[in-house]
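Quick mapping for you: the protein sequence lines, in order, are chains S and U.
Heads up, the first sequence is in the working numbering, so the first residue is 480 and it goes up one at a time.
Heads up, the second sequence is in the working numbering, so the first residue is 480 and it goes up one at a time.
Notes follow the structure.
2 protein chains.
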Amino acid sequence: MLDINKAIERLDWSREPQGLYAPIAYTLASGGKRLRPQLALLSCRLFGGDEEQALPVALALEVFHNFTLLHDDVMDRASVRRGRETVHVKWNDNTAILSGDQMLIEAYKLLAEAPGDKLPVLLRWFNEMATGICEGQQYDVDFEARGDVTIEEYIEMIRLKTSVLLANALRSGAYIAGADEEQQKRLYDWGIHVGLAFQIQDDLLDVYGDEKTFGKAIGGDICCNKKTYLLLSAFAHADTAQREALEGWLARPASKEKIEAVTVLYDAIGVRAMAEEAILSHSRQALALMDSFPDNEAREQLQHLLRKLATRKN
Amino acid sequence: MLDINKAIERLDWSREPQGLYAPIAYTLASGGKRLRPQLALLSCRLFGGDEEQALPVALALEVFHNFTLLHDDVMDRASVRRGRETVHVKWNDNTAILSGDQMLIEAYKLLAEAPGDKLPVLLRWFNEMATGICEGQQYDVDFEARGDVTIEEYIEMIRLKTSVLLANALRSGAYIAGADEEQQKRLYDWGIHVGLAFQIQDDLLDVYGDEKTFGKAIGGDICCNKKTYLLLSAFAHADTAQREALEGWLARPASKEKIEAVTVLYDAIGVRAMAEEAILSHSRQALALMDSFPDNEAREQLQHLLRKLATRKN
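Printed below as a string of structure tokens:
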């Protein structure tokens with residue numbers, strides 16, 4: 480199997496002007512799971528395709544993903560990413576904006592190296608995906624100011640923000656390998672469910688994770704009143720007294736007591752079981768779709784990835 | 480001839496989330512010369528092509544150009560553009576960043592509507608152009624902090640920042656019309672020279688323009704010590720006393736006196752004639768290239784554009 484990390488390392492960012500390219504090199508060298516390019520390569524192998532042909536798209540997706548993190552960190556004023564200073568802290572906001580723009584262009588440059596006859600479809604899908612992710616990010620911002628966000632709206636937001644990138648990676652790899660439309664569609668849906676399970680798991684770990692394995696402080700979402708699957712489920716299922724208690728805590732500043740009190744309310748409302756049920760449901764739907772995939776080593780690896788993501792502790 | 484303004488008005492930005500799309504609609508509705516899409520359509524007609532086929536690329540170039548203005552305005556902290564509040568002032572920085580990102584993606588969506596068999600080349604060129612513009616912007620930033628910028632470096636910076644977009648618009652239109660490589664190359668070079676003439680004219684008008692027709696205050700570049708063609712030429716040709724006087728004024732804050740004194744130094748060094756000579760030289764080189772273009776009404780219009788740009792007062 481192709482080593483995606485080696486392929487990323489081979490990308491050359493030594494050209495001038497370094498003010499533009501050094502932050503791109505820095506961002507891509509910071510690691511991460513490389514989940515998206517892995518999915519593109521695996522889905523290509525699943526249908527007997529040549530991984531080398533899927534590599535440009537795989538790399539384009541990873542560069543695109545890192546571009547979104549770079550600009551998100553500016554917008555969220557985040558100072559640390561993967562244990563290192565973010566670009567706008569290490570350099571400045573303008574550098575983060577311009578190098579981020581160039582990174583988005585670099586993603587399209589990598590995409591342009593895909594097989595020419597497949598390029599029109601791959602480009603159209605890539606554009607749809609990129610649009611979805613920007614729309615998801617905008618909804619996330621809009622939700623902060625709204626008090627009436629429904630769980631359905633939340634699911635749609637995380638579908639756009641997280642799932643469509645995974646789904647498009649899978650669909651693109653399968654398309655390059657010559658899989659038919661039905662198979663592409665199943666892989667796409669598989670990616671959607673895996674992404675949703677992944678994101679709800681994220682919300683769950685932020686409250687019920689183990690600080691040691693989770694790698695960051697528990698309760699961050701509660702502190703800043705983030706509208707997560709848990710908080711929205713809590714409001715949807717609270718009785719009048721619980722709702723009033725919850726609203727009382729949301730009006731108060733971040734504190735250890737706030738985290739404890741909201742968690743106690745979550746326990747009483749049964750929010751943890753609801754989130755676990757949702758994760759299980761999406762994992763099961765993903766698993767059911769796998770039956771239709773060719774039975775080979777790539778399927779084994781996709782199944783392994785699904786299990787790992789659904790049971791992850793960090 | 481296709482009405483480019485009508486085509487831009489037909490782009491639909493009414494979809495949700497409006498937090499993402501309203502700033503894009505606002506930016507594109509603010510007018511501008513629409514020079515880049517005009518060039519793409521004209522060069523297509525020059526070689527007898529169907530304008531409709533060049534329209535997606537023409538629109539992509541205009542949307543891309545407006546994306547660069549949107550992000551540049553954030554980075555420059557500019558509060559007014561084309562007589563209206565900039566997006567980051569009317570909304571906020573995060574909106575300008577995210578809607579700008581989406582605008583870049585929208586440019587690629589428009590490009591993807593170009594004829595499929597021509598898409599691989601058009602995409603590669605578009606990526607090259609976009610890269611050049613980001614590199615040019617970075618050099619512009621780098622130059623601010625440097626005291627040893629040469630005129631050659633400055634010309635290369637404005638070639639990247641201004642010329643390659645015009646040149647790529649022309650080349651793309653010609654390619655879609657089926658022009659051969661030699662013809663594409665000549666149109667590309669024509670665009671490079673026109674862009675350089677345009678940009679040096681910009682520097683000239685900022686000092687020697689008429690405030691009434693120029694539409695903004697004269698001397699803005701002098702006030703902020705901007706490294707323009709005029710300032711770099713002044714340093715390259717000043718004698719020791721003139722250089723010392725120039726350096727003395729650069730060390731002082733913006734004022735009416737500073738503008739007057741630096742202009743007097745420019746006059747003494749002969750900088751105005753140098754800039755006018757450079758504009759004339761690039762206009763002549765562009766004009767010479769026109770001899771090889773087909774003799775038709777589109778060529779007349781390109782010639783008319785060249786004359787207008789080289790003699791513009793605003």
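Every residue gets a Cβ at the ideal spot worked out from N, C-alpha and C, and that includes glycine.
If you're wondering where the values come from, they're calculated on a predicted model, not measured in any experiment.
- For the stretch 618-636 of chain S, the set of residues with a beta-carbon nearer than 8 Å to any beta-carbon of chain U comprises Tyr618, Val620 and Asp621, in chain order.
- Measuring C-alpha to C-alpha distances from Pro594/S to each of Val542/S, Ile655/S, Arg489/S and Ser578/S identifies Ile655/S as the nearest.
- The beta carbon of Ala713/S sits closer than 7 Å to those of Leu725, Leu744, Tyr745, Ile748 and Val750, all from its chain and outside the five residues before and after it, given in chain order.
- Residue nearest to Ala715/S within the set Asp627/S, Gln532/S and Leu521/S is Asp627/S (criterion: CA-CA distance).
- By the Cβ test, the stretch 614-627 of chain U is not in contact with the stretch 603-618 of chain S, since fewer than three Cβ pairs between them sit closer than 8 Å.
- In this structure, Lys787/S lies away from Gly688/S, with their beta-carbon atoms at least 8 Å apart.
- Leu499/S and Ser578/S have their C-alpha atoms some 5 Å from each other.
- Around the beta-carbon of Asp770/S, fewer than 16 other beta-carbon atoms lie within 10 Å, marking it exposed.
- Neighbourhood of His567/U in chain S, by CB distance below 8 Å: empty, with the nearest CB roughly 11 Å away.
- For the stretch 585-597 of chain S, residues whose beta-carbon sits nearer than 7 Å to a beta-carbon of chain U comprise Tyr587, Lys588, Ala591 and Gly595.
- A distance below 8 Å separates the beta carbons of Phe546/S and Met582/S.
- For Pro599/S, the neighbours in chain U by C-beta distance under 8 Å run, in chain order, Ala591, Gly595 and Leu598.
- In the DSSP assignment, Ser760/U falls within the alpha helix (DSSP H) that extends over Val750 to Met769.
- Per the coordinates, the alpha-carbon of Thr707/U lies some 35 Å from the alpha-carbon of Leu589/S.
- CA-CA distance, His672/S to Glu635/S, rounds to 12 Å.
- Residue burial annotation: Ser651/S is buried, with at least 16 other C-beta atoms found within 10 angstroms of its C-beta.
- For Arg560/U, the three-state secondary structure derived from DSSP is strand.
- When Asp619/U, Asn647/U and Arg603/U are compared, the shortest CA-CA separation from Thr574/S is found for Asp619/U.
- Interface annotation for the stretch 543-574 of chain S against chain U: His550, Val553, Met554 and Asn573, criterion Cβ-Cβ distance under 7 Å.
- Contact check for Ile738/S against Cys702/S passes: the beta carbons are separated by less than 8 Å.
- With contacts defined as CB atoms closer than 8 Å, Ala765/U and Leu521/U fail to qualify as a contacting pair.
- Between Leu540/U and Leu644/U, the C-beta spacing is below 8 Å.
- Contact annotation: Gln662/S and Ala653/S have beta-carbon atoms nearer than 8 Å.
- Close partners of Ala609/U in chain S (Cβ separation under 7 Å): Ile584.
- At a cut-off of 8 Å between beta carbons, Pro496/U contacts chain S.
- A buried status is given to Ala519/S, since no fewer than 16 other beta-carbon atoms sit within 10 Å of its beta-carbon.
- In this structure, Ile487/S and Leu507/S form a Cβ contact; the two beta carbons are roughly 6 Å apart against a cut-off of 8 Å.
- Within 7 Å of the CB of Asn606/S, the CB atoms of chain U belong to Ile584, Tyr587, Lys588 and Ala591, in sequence order along the chain.
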